[in-house]
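Structure below.
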């Protein structure tokens, strides 16, 4: 065997079939009825880690879904890389919008269609297969490896956060490697050096003591659904600027050089609208470029709302209860606790007459930025360039990978965010996909990075 | 047998058991899965009409749920009364809030608890049992009787509206009798001489082409749920005044004498809040008394809203779709078509950037007022006073009984609205009830009215 590249081309079919086996397990971490599926996915991943030569493979029980740990520490004097990924997925609903079933992975147009194809089973599995390739080529790993994989990324990641905090010595490493982001565009090697944070909350509203007849009481009784609507509508102005006092106080924008590099990136606003967003037009702060809005500006979103009668036909109730799921994406240097406090104060101040509201926090994590001058980032950029034949670009992502913040805070290490997704992969949506060639290229890129970082 | 009053006291148990049999049928007209139950309820009602001596009993098929017609026309020279009621009911959800199951009628604290107990099976059945009492006492009915009972009142009443329009001669009468309203307070004989109208609509909103990841797109993509929230929040100001242009243009308020009589009615605002509404405080136009707000002012309500993710836990989507059920209660002299047009224009003008909205009308009917000087109203007031021993008051109701408008428009007749409900009967809500004594008193009052109107 001469190279990891030829290893990958010789084992294409098996590498894909193994991924399909993992994608077929509906490991939806937020739904209690899938708890057993999540456990099955953990067991399969642990088995594969042992098969590629990792040692001390553990399935670590938690309060919710298990963690998986493994290592190989026989390269004294070489750096240690902590590989992270997650084997849990988002719910697949609405099911009727999927062309093929979400847990029956299917190849169409050169893509793997399945829930979790790109987020993050496919990308997590690239790491495992890169390790297999390295061992097959070199007979050993070129540096020290620690692997930590979780099953709660889509539900806030409470267990891994606790585990990292309590196992700093065990997890000690020089850098973390995470593949849960995207290429800026197909074929363009991309390292992500910034992520937004997130606070996710549930807001419930109570109006009358019970659902009331809108004929008998309409005009004099509070309406829980309307009260919640009135409240939430005040959160943003027509241009998408958040109206919660203090929310922009701590926002640190990108440095002029970083902003200039974003302006230099190819960006087709009409294409972005047509092929990714798919609506009438883009929205948001009109005085900022789209990349700035999604990478470096805080957001307020309502993810769902429910209350009253929404079945077939008509029912004339004044609803007693309503609930909404809301979140704010955070940017450097916003403090999640401060943002939650500001939101709570704003809700209290703006709850309409006759309505009682309650705010429940479901998850919170800060934004993260990585210094692009770190040696591992430099090696990663070169490995990427080598495989793709193009200069690597440095971008940010609008999403959150909370573990990257934990690695920085508790382990004091930066993270190489080497993601092989594409902007139109429909993460969290129906018809999620992962470009088949990016799966193979990702395995090669990860292997090249580890080879070269072992030599550095 | 000397009187209808003694007939009722001698047959209390059977009169109740017969009603229970009808209440046990879950004839929920809006839910397709109950279509067969609705039909069973129609068959039972038709059977009972024949048993009490009505002739020409017909179960009339329609596009949705059957109508029932019956008559007895052997009192030449006497007036003809058209008795109306409905045997369909509202959905019972949320089921978990019922103390006893909605379709297992139960007596507690002197009340019959069941879906449809008061709206309208219990009150419709008073008519049938009043006819039985009259026949038992007099051997015949004291005037001419036509009965028309529908199974679509809770879903807009399309079939009966069409039937009335197409059968004006068959349904010709001097007055209609409807028992689908409430006493102003327990023991106070009450005739309703005004009803609000209703336009009921569904508003749907589309944002992005599919649900999007709020990390990747948050800040630049439209959100269908938030767009619908922003739109609907503009419909009313903080005091509940509707902001849709032109909506108050045609509103005819009560005459000074009628308004004065409302002010003379006992009204305990704190009691109304505590025992009926059950929330923090009342809402609505602060410069108008509560009775004015619910009887003679238009409303805008959101009955339900749904969109995005509302399950357990968290899901970070930007929802592609959202839908809300909304209605406006109408007062004299608002024109439903004009109100719908004003609403459509307002939606079009206020739909936020990036959102497409659609309005679908599910039902529309105007407000109705009855002249209290009509002879039948006068006889009804006296019959009521006779049974209750107190002067009858004239009120309005905030709800809609669309058929009353159709009788006025197509048959040219007024309606005696002789309702025996109570203000806290929880119509359309969990734990709907009908005061047991009001059931018996209602049978007597209806019988007295028909006896005396036959003599008038």
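Protein chains in written order, with my numbering: chain D, -2 to 453; chain P, -2 to 453. Glycine included, each C-beta is placed from N, C-alpha and C at the ideal position.
- Item | Buried versus exposed, by CB contacts within 10 Å (16 or more), residue 221(P) | Indexing the second chain from 1 puts residue 221(P) at position 224. Buried, by the Cβ-count rule.
- Starting from residue 230(D), trace the alpha helix (DSSP H) both ways and give me its first and last residue. The residue you call residue 230(D) lines up with position 233 of the first chain. Unbroken alpha helix (DSSP H) run through residue 230(D): 221 to 230.
- Span of the beta strand (DSSP E) around residue 94(D): Numbered from 1 along the first chain, position 97 holds the residue referred to as residue 94(D). That residue, residue 94(D), is in no beta strand (DSSP E); it is neither H nor E in DSSP.
- Query: In chain order, what residues of the stretch 202 to 234 of chain P put their CB closer than 7 angstroms to some CB of chain D?
  - Reply: 204, 205, 206, 207, 208, 209, 210, 211, 212, 213, 214, 215, 216, 217, 218, 219, 220, 222, 223, 226, 227, 229 and 230
- Item | Selection from 298(D), 203(D) and 173(D) that minimises the alpha carbon distance to residue 234(D) | Your numbering for residue 234(D) matches position 237 in the first chain. With distances taken between Cα atoms, residue 234(D) lies closest to 298(D).
- Query: Can a CB atom of chain P be found closer than 9 angstroms to the CB of residue 260(D)?
  - Reply: Taking the first residue of the first chain as 1, we reach residue 260(D) at position 263. Not an interface residue.
- Query: If you drop the 5 nearest sequence neighbours on each side, which residues of the same chain put their C-beta closer than 7 angstroms to that of residue 407(D)?
  - Reply: In the first chain, counting from the first residue as 1, residue 407(D) sits at position 410. Only 161, 162 and 165 meet the Cβ criterion.
- Residue range of the unbroken alpha helix (DSSP H) whose run includes residue 62(P): The residue given as residue 62(P) occupies position 65 in the second chain. Careful: residue 62(P) lies outside any alpha helix (DSSP H) and carries neither H nor E.
- Query: Between residue 68(P) and residue 146(P), is the Cβ-Cβ spacing less than 9 angstroms?
  - Reply: Position 71 of the second chain holds residue 68(P). Position 149 of the second chain holds residue 146(P). Not in contact: residue 68(P) and residue 146(P) (Cβ atoms no closer than 9 angstroms).
- Task: Please name the residue in 132(D), 392(D) and 135(D) whose C-alpha comes closest to that of residue 254(D).
- Result: The residue given as residue 254(D) occupies position 257 in the first chain. Of the candidates 132(D), 392(D) and 135(D), the one whose C-alpha sits nearest the C-alpha of residue 254(D) is 392(D).
- Query: In the stretch 5 to 34 of chain P, which residue ranges form an unbroken alpha helix (DSSP H) of at least 4 residues, counting only runs that do not cross its ends?
  - Reply: 9 to 20
- Task: Would you identify the three-state DSSP class for residue 362(D), choosing helix, strand or coil?
- Result: Numbered from 1 along the first chain, position 365 holds the residue referred to as residue 362(D). It is a strand residue.
- Message: Runs of 3 residues minimum, wholly inside the stretch 382 to 414 of chain P: which ones carry the beta strand (DSSP E) assignment?
- Response: 390 to 394 and 412 to 414
- Message: Just to make sure I have the definition right: I need the residues of chain D whose C-beta is within less than 9 angstroms of the C-beta of residue 324(P). Which are they?
- Response: By 1-based counting over the second chain, the position of residue 324(P) is 327. Simply 211, 215, 311 and 313.
- Message: Here's the rule: buried if 16 or more other CB atoms are within 10 angstroms of the residue's CB, otherwise exposed. What is residue 519(P)?
- Response: Since the displayed chain P opens at -2 and closes at 453, residue 519(P) lies outside it and no answer follows.
- Residues in its own chain within less than 6 angstroms of residue 394(P) by CB, not counting five upstream and five downstream? Against the second chain, residue 394(P) aligns to sequence position 397. So the qualifying residues of the chain are 178, 189 and 192.
- Item | CB contact check: residue 319(P) to chain D, cutoff 9 angstroms | Working through the second chain from its first residue, we reach residue 319(P) at position 322. Output row for residue 319(P): interface = yes.
- Short-range partners of chain D found in the stretch 267 to 284 of chain P, where Cβ spacing is below 7 angstroms: 274, 275, 276, 277, 278, 279, 280 and 281
- Any heavy atom of the ligand SAH closer than 8 angstroms to the Cβ of residue 283(P)? Within the structure as shown, the ligand SAH is missing, as the structure has no ligands at all.
- Among 56(D), 263(D) and 88(D), nearest to residue 182(D) - alpha-carbon criterion: Start at 1 with the first residue of the first chain, and residue 182(D) comes out as number 185. If we check each option's Cα against that of residue 182(D), 263(D) comes out closest.
- Item | Three-state class that DSSP yields for residue 310(P) in the structure shown | Against the second chain, residue 310(P) aligns to sequence position 313. Of the three classes helix, strand and coil, the one that applies to residue 310(P) here is coil, per DSSP.
- Item | Entirely enclosed alpha helix (DSSP H) segments - the stretch 151 to 239 of chain P, minimum 4 residues | 155 to 163, 211 to 214 and 221 to 230
- Message: Residues of the stretch 64 to 89 of chain D in Cβ contact with chain P at a cutoff of 8 angstroms, in chain order, please.
- Response: 87 and 88
- Classification of residue -2(P) by the beta-carbon crowding that lies within 10 angstroms, buried from 16 upward: Position 1 of the second chain, counting from 1, holds the residue named residue -2(P). Bear in mind that a pLDDT of 48 at residue -2(P), under 50, signals an unreliable position, so the number given afterwards is only what the model happens to contain. Exposed, because fewer than 16 other Cβ atoms sit within 10 Å of the Cβ of residue -2(P).
- Message: Which of the three DSSP states is assigned to residue 350(D) in this structure?
- Response: In the first chain, the residue the question calls residue 350(D) occupies position 353. Of the three classes helix, strand and coil, the one that applies to residue 350(D) here is coil, per DSSP.
- Query: Taking the runs of the alpha helix (DSSP H) that are 4 residues or longer, which of them lie wholly in the stretch 105 to 156 of chain D?
  - Reply: 118 to 135
- I think residue 317(P) touches residue 206(P), with their Cβ atoms under 8 angstroms apart; what is that distance to the nearest whole Å? Within the second chain, residue 317(P) is the residue found at index 320, counting from 1. Within the second chain, residue 206(P) is the residue found at index 209, counting from 1. That pair is a contact at about 7 angstroms.
- Message: Rounded to whole angstroms, what is the Cα-Cα separation between residue 308(D) and residue 311(P)?
- Response: On the first chain, position 311 is the one that residue 308(D) refers to. On the second chain, position 314 is the one that residue 311(P) refers to. Near 23 angstroms, if we compare the C-alpha coordinates of residue 311(P) and residue 308(D).
- Does residue 352(D) come within less than 9 angstroms of chain P when only Cβ atoms are used? Position 355 of the first chain, counted from the start, is the residue given in the question as residue 352(D). Judged by the 9 angstroms Cβ criterion, residue 352(D) is in contact with chain P.
- Query: Considering only residues of the stretch 280 to 306 of chain D, which uninterrupted alpha helix (DSSP H) runs meet the minimum length of 4 residues and lie entirely inside it, listed in chain order?
  - Reply: 287 to 293
- Message: Can you confirm whether the stretch 28 to 43 of chain P touches the stretch 318 to 325 of chain D when touching is taken to mean that 3 or more C-beta pairs between the two stretches lie within less than 8 angstroms?
- Response: no
- Ordered along the chain, which non-local residues of its own chain (more than five positions away) have a Cβ less than 6 angstroms from that of residue 358(D)? Here residue 358(D) refers to the residue found at position 361 of the first chain. Once the five neighbours on either side are set aside, the close Cβ partners of residue 358(D) are 198 and 337.
- Message: Against chain D, does residue 36(P) count as a neighbour if the rule is that its beta carbon must be under 9 angstroms from one of theirs?
- Response: Here residue 36(P) refers to the residue found at position 39 of the second chain. So no, residue 36(P) is outside the interface.
- Item | Outcome for residue 211(D) when other beta-carbon atoms lying within 10 angstroms are tallied against a minimum of 16 | Here the question's residue 211(D) lines up with position 214 in the first chain. Per the 10 Å Cβ criterion, buried.
- Helix, strand or coil: which one does DSSP assign to residue 368(D)? Working through the first chain from its first residue, we reach residue 368(D) at position 371. In this structure, residue 368(D) counts as coil in the three-state DSSP scheme.
- Beta-carbon spacing of residue 89(D), residue 20(D) below 9 angstroms: For this step, residue 89(D) is matched to residue 92 along the first chain. For this step, residue 20(D) is matched to residue 23 along the first chain. Not closer than 9 angstroms, so no.
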